[in-house]
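In this note's numbering, the protein residues as written are 25 to 151.
We put the CB at the ideal spot given by N, CA and C, even for glycine.
One structure below.
Take a look at the structure:
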């Protein structure tokens, strides 16, 4: 399972999650926030639909999470991408405040910038 994110200058942050399954009809991929389903969280966020791309030996599932407004509550939310099939349950977690702190650099004159490898916004993959 892998996760990544893309920040757009308009303030929208999109996380993506991808998993491969040998059980294409019996697997599910979804997002949670602090242990709750995304639709139960306050704020402007939504889950994308699950995409399924069949391969020769497995099916690739991918699903996005779109945060249209980064409220203080969402910044401290523990977002989890959850993958379930008959053989396993796998979760990957990200907390926006920790992610942002890890990507930010502070210059001597106190201006905050992102590393050039992350332009136009924070992007990082996790396996």
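Below 8 Å on the Cβ atoms is my guess for residue i versus residue j; work out the distance and round it to an integer in Å.
i	j	result
residue 44	residue 53	At roughly 10 Å, the Cβ-Cβ gap does not stay under 8 Å, so residue 44 and residue 53 are not in contact.
residue 58	residue 101	6 Å
Have a look at residue i and residue j and give me their C-alpha separation to the nearest angstrom.
i	j	result
residue 104	residue 90	13 Å
residue 124	residue 94	12 Å
residue 46	residue 119	29 Å
residue 85	residue 108	11 Å
residue 55	residue 106	6 Å
residue 73	residue 81	23 Å
residue 113	residue 51	10 Å
residue 122	residue 48	33 Å
residue 71	residue 110	23 Å
residue 117	residue 79	27 Å
Please specify which runs of the beta strand (DSSP E), each continuous and at least 3 residues long, are wholly inside the segment 37-125, giving them in chain order.
37-45, 52-57, 69-71, 75-78, 83-91, 102-109 and 112-119
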